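Novice: The structure is given below, and queries will be raised subsequently.
Residue numbers (our numbering), protein chains in the order written: chain A, 20 to 501; chain B, 26 to 119.
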């Protein structure tokens, strides 16, 4: 029995986003991903005694931009604090973060689930530094005899975005995460490369009897790095809570971890063992004062956000579904708009981008920004189709060839002799031949079986390897058989 | 407000310090006398005084987002008690 018959789920999410700066938050080391371990480190991000941090202006700019994109208030006065804990991925034994005066607070974003729009509150968003990366010698952390530490990630600027506990179903949680990641991606805050760990989620979840106003006991599951993990993890966790309540027990307030392979959550530490971070103001960094002019300067650089883009695409005549797919990533929307500048039938273009082009890209696991077919080339192909120079069927052959060779449609059509035959004289001869070779179908058609015409059109298409103009073939056949 | 023996044990635990019985007693006493001294500050009326975020009146010390040289590999590991294959190595964590 599904939990939702008896209980209502309450969920809030903390999202950690690695910001798209060139350098770390407090030093000039590069943030580039995938470099040799410990090749992008210095005394500051290694936490060496006496090294002093200096805040990266661009990290502040991006945090302000994220705050504006998420409808937050931008703090006029903000400061940094030390969050103290011992773990080898934090070389200073504290993480520089923001405690009571975050840079952004009181925002929201809108999600739509089953056509119901709903606002999800954003409690706060604050700046902090990422930790290093641990590589365990054994299969898991508990079975390892020792671990390696790579501090290249130590000091990469993070924005931690904390939602209100406003979500009431797993679908709402996923919708919130998708919308959040899209906004962050569109606004240029982060490249949002989930597979590289650029975005990580901690979810807080509890259940309460339907109708109850009190919150139940919550558990926090840390460090999920994909929408799919969040969904599977929550599906497991809410059932676990429901079973405990059904048996007259209760979950305990604790931090848990998600085992991706086994598909279960496991206890990390209970409330009694909860960390005591002993936050205090960071003496090595002076506070931030953000005036209205600074905020206005950032506002002026804000690109169109996903919700506005979706509305604009729908105004072009696209369905809500099509607009949603085409704006699912900024790269996809950019591709569509670049092609649209050269080919203005939005619906046809949408079908080709979401259909044949996406099919080819998916088959080759190629992101759309690396498409071998440039948006302008796709627009040209569709232009030729629209003008009747090639048939829809041939266009499918041509796009596959374009994908392989990156050549223009016109070049491929010329090289392969694929142009549509729209010449009445040439087609007339072929139609005559087909009529002569298929006396039975001709007789069927003339005796009133209109379906027979389709077969004859097919024969002409076959004889011309799909290059005949279908409209003209229809017209010629009807004339000649009447 | 007096600091209890239990709090000293907790703080020592957070700081990964293993204290002897005598040390716990000594530090409880010493910490209390330090806190008692600092408690004099409580006598000052701070109504309408903004909390101080930093000792110096300075704001917005920022750097531009420009890459500077990182350390050379040999230097990185010079003080490391244990390093292998480009990684710092640490004993079993949990």
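C-beta: ideal position from N, C-alpha, C; glycine also.
All values derive from a computational prediction rather than experimental measurement.
Does residue 240/A pass the burial test, meaning 16 or more other C-beta atoms within 10 Å, or should it be called exposed?
Specialist: Reading the first chain from its first residue, position 221 is the one you call residue 240/A. Counting Cβ neighbours within 10 Å, residue 240/A comes out buried, since at least 16 surround it.
Novice: How about residue 30/A and residue 186/A: do their beta carbons lie closer than 7 Å?
Specialist: Here residue 30/A corresponds to residue number 11 of the first chain, with the count starting at 1. Here residue 186/A corresponds to residue number 167 of the first chain, with the count starting at 1. With a cutoff of 7 Å on beta-carbon distance, residue 30/A and residue 186/A are scored as near each other.
Novice: Indicate whether residue 355/A and residue 402/A have their beta-carbon atoms separated by less than 7 Å.
Specialist: Residue 355/A sits at position 336 when you count from the first residue of the first chain. Residue 402/A sits at position 383 when you count from the first residue of the first chain. No, they are not a contact pair.
Novice: Going by Cα to Cα distance, which pick from 289/A, 150/A and 417/A is closest to residue 112/A?
Specialist: Residue numbering aside, residue 112/A sits at position 93 when the first chain is read from its first letter. Of 289/A, 150/A and 417/A, the residue nearest in Cα terms is 150/A.
Novice: Leaving out the 5 sequence neighbours to the left and right, which residues in its chain are closer than 7 Å to residue 190/A when beta-carbon positions are compared?
Specialist: Position 171 of the first chain holds residue 190/A. Here the set comprises 132.
Novice: How many angstroms separate the CA atom of residue 199/A from the CA atom of residue 88/A?
Specialist: Indexing the first chain from 1 puts residue 199/A at position 180. Indexing the first chain from 1 puts residue 88/A at position 69. So the alpha carbons of these two residues sit roughly 10 Å apart.
Novice: Tell me the DSSP bridge mates of residue 223/A?
Specialist: The residue you call residue 223/A lines up with position 204 of the first chain. According to DSSP, residue 223/A bridges with 31/A and 239/A.
Novice: Given residue 252/A, which residues of its chain have a CB within under 8 Å of its CB, disregarding the five upstream and five downstream residues?
Specialist: Position 233 of the first chain, counted from the first residue, corresponds to residue 252/A. Around residue 252/A: 222, 240, 243, 277 and 284.
Novice: List the residues of chain B whose Cβ lies closer than 7 Å to the Cβ of residue 40/A, in chain order.
Specialist: By 1-based counting over the first chain, the position of residue 40/A is 21. Under the 7 Å cutoff, chain B gives 90.
Novice: Just to confirm, is the Cβ distance from residue 57/B to residue 28/B under 7 Å?
Specialist: The count along the second chain starts at 1 and reaches residue 57/B at position 32. The count along the second chain starts at 1 and reaches residue 28/B at position 3. Less than 7 Å separates the beta-carbon of residue 57/B from that of residue 28/B.
Novice: At the 7 Å Cβ level, is residue 116/B part of the contact set with chain A, yes or no?
Specialist: As a working note, residue 116/B is residue 91 in the second chain. So yes, residue 116/B belongs to the interface.
Novice: Applying a beta-carbon distance threshold of less than 9 Å, which residues of chain A neighbour residue 81/B?
Specialist: Taking the first residue of the second chain as 1, we reach residue 81/B at position 56. Going along chain A in sequence order, the residues near residue 81/B (Cβ under 9 Å) are 305.
Novice: The alpha helix (DSSP H) that contains residue 312/A, what's its start and end?
Specialist: Indexing the first chain from 1 puts residue 312/A at position 293. That run of the alpha helix (DSSP H) goes 311-318.
Novice: Give me whichever residues DSSP pairs with residue 49/A in a beta bridge.
Specialist: Within the first chain, residue 49/A is the residue found at index 30, counting from 1. In the DSSP secondary-structure assignment, residue 49/A is bridged to 42/A.
Novice: Just to confirm my understanding: we take residue 367/A, look at its own chain, exclude 5 residues before and 5 after, and list those with CB closer than 7 Å. What are they?
Specialist: On the first chain, position 348 is the one that residue 367/A refers to. If we look at residue 367/A and ignore the five residues flanking it on each side, its Cβ neighbours are 401.
Novice: I'd like to confirm the pairing. Which residues does DSSP put opposite residue 116/B in its beta bridges?
Specialist: Translated into the one-based positions of the second chain, residue 116/B becomes position 91. Per the DSSP secondary-structure output, residue 116/B pairs in a beta bridge with 165/A.
Novice: Which class does residue 200/A belong to by DSSP, given the choice of helix, strand or coil?
Specialist: Position 181 of the first chain, counting from 1, holds the residue named residue 200/A. DSSP places residue 200/A in the helix class (H, G or I) of the three-state scheme.
Novice: Name the DSSP beta bridge partners of residue 487/A, please?
Specialist: For the purposes of this step, residue 487/A is identified with residue 468 of the first chain, where counting begins at 1. Answer is 440/A.
Novice: Between which two residues does the alpha helix (DSSP H) harbouring residue 78/A extend?
Specialist: The residue labelled residue 78/A in the question sits at position 59 within the first chain. From DSSP, the alpha helix (DSSP H) with residue 78/A extends over 76-88.
Novice: Taking Cβ positions, are residue 164/A and residue 155/A nearer each other than 7 Å?
Specialist: Locating residue 164/A in the first chain gives position 145, counting from the first residue. Locating residue 155/A in the first chain gives position 136, counting from the first residue. No, these two residues do not count as a Cβ contact at 7 Å.
Novice: Report the CB separation of residue 39/A from residue 210/A in whole angstroms; it is logged as a contact under 8 Å.
Specialist: As a working mapping, residue 39/A is identified with position 20 in the first chain. As a working mapping, residue 210/A is identified with position 191 in the first chain. That belief holds up - the Cβ atoms of residue 39/A and residue 210/A are roughly 6 Å apart, short of 8 Å.
Novice: Report the three-state DSSP secondary structure of residue 155/A (helix, strand or coil).
Specialist: Start at 1 with the first residue of the first chain, and residue 155/A comes out as number 136. DSSP places residue 155/A within a strand segment (E or B) once states are collapsed to three.
Novice: Counting only Cβ-Cβ distances shorter than 9 Å, please list the residues of the segment 38-64 of chain B near chain A, keeping chain order.
Specialist: 39, 40 and 41
Novice: Measure from the C-beta of residue 59/A to each C-beta in chain B and report whether the shortest distance is under 7 Å.
Specialist: Translated into positions along the first chain, residue 59/A becomes position 40. Yes, because at least one Cβ of chain B sits closer than 7 Å to the Cβ of residue 59/A.
Novice: Tell me the rounded alpha-carbon separation between residue 352/A and residue 346/A.
Specialist: Position 333 of the first chain, counted from the start, is the residue given in the question as residue 352/A. Position 327 of the first chain, counted from the start, is the residue given in the question as residue 346/A. Their Cα atoms are separated by approximately 5 Å.
Novice: Alpha carbon to alpha carbon, how far is residue 39/B from residue 104/A? Give it in angstroms, no decimals.
Specialist: Start at 1 with the first residue of the first chain, and residue 104/A comes out as number 85. Start at 1 with the first residue of the second chain, and residue 39/B comes out as number 14. Answer to the nearest angstrom: the Cα atoms are 8 Å apart.
Novice: Taking one C-beta from the segment 77-84 of chain A and one from the segment 314-331 of chain A each time, how about it: are there three or more such pairs within less than 8 Å?
Specialist: yes
Novice: Distance check for residue 417/A and residue 435/A, CA to CA, integer angstroms please.
Specialist: Numbered from 1 along the first chain, position 416 holds the residue referred to as residue 435/A. Numbered from 1 along the first chain, position 398 holds the residue referred to as residue 417/A. Residue 435/A and residue 417/A: Cα-Cα distance of roughly 9 Å.
Novice: I want to verify the contact list: residues of chain B whose CB lies under 7 Å from the CB of residue 316/A, in sequence order.
Specialist: Taking the first chain and counting its residues from 1, one reaches residue 316/A at position 297. Residues of chain B passing the Cβ test: none, with the nearest at roughly 14 Å.
Novice: Candidates 338/A, 341/A and 202/A: which alpha carbon is nearest residue 323/A's?
Specialist: Translated into positions along the first chain, residue 323/A becomes position 304. Nearest of 338/A, 341/A and 202/A to residue 323/A, Cα basis: 202/A.
Novice: To the nearest angstrom, how far is it from the Cα of residue 234/A to the Cα of residue 188/A?
Specialist: Along the first chain, one-based indexing puts residue 234/A at 215. Along the first chain, one-based indexing puts residue 188/A at 169. Their backbone Cα atoms lie some 15 Å apart in a straight line.
Novice: Quick one, which residues of the segment 95-107 of chain B are near chain A if we go by CB-CB under 9 Å, in chain order?
Specialist: 95, 96, 98, 101, 102, 104 and 107
Novice: Roughly how many angstroms lie between the CA atoms of residue 33/A and residue 407/A, to the nearest whole one?
Specialist: What you label residue 33/A is simply residue 14 of the first chain in a count that begins at 1. What you label residue 407/A is simply residue 388 of the first chain in a count that begins at 1. The alpha-carbon separation between residue 33/A and residue 407/A amounts to approximately 53 Å.
Novice: With residue 57/A and residue 170/A assumed to form a contact (beta carbons below 8 Å), what rounded beta-carbon distance in angstroms separates them?
Specialist: Along the first chain, one-based indexing puts residue 57/A at 38. Along the first chain, one-based indexing puts residue 170/A at 151. With 8 Å as the limit, residue 57/A and residue 170/A qualify as a contact, their Cβ atoms being about 6 Å apart.
Novice: List the residues of chain B that residue 163/A touches, going by C-beta distances under 7 Å, in chain order.
Specialist: For this step, residue 163/A is matched to residue 144 along the first chain. The contacting residues are 117.
Novice: Below 8 Å on C-beta distance, what does residue 394/A contact in chain B?
Specialist: As a working mapping, residue 394/A is identified with position 375 in the first chain. Correct list: empty, because the minimum Cβ distance to chain B is about 30 Å.
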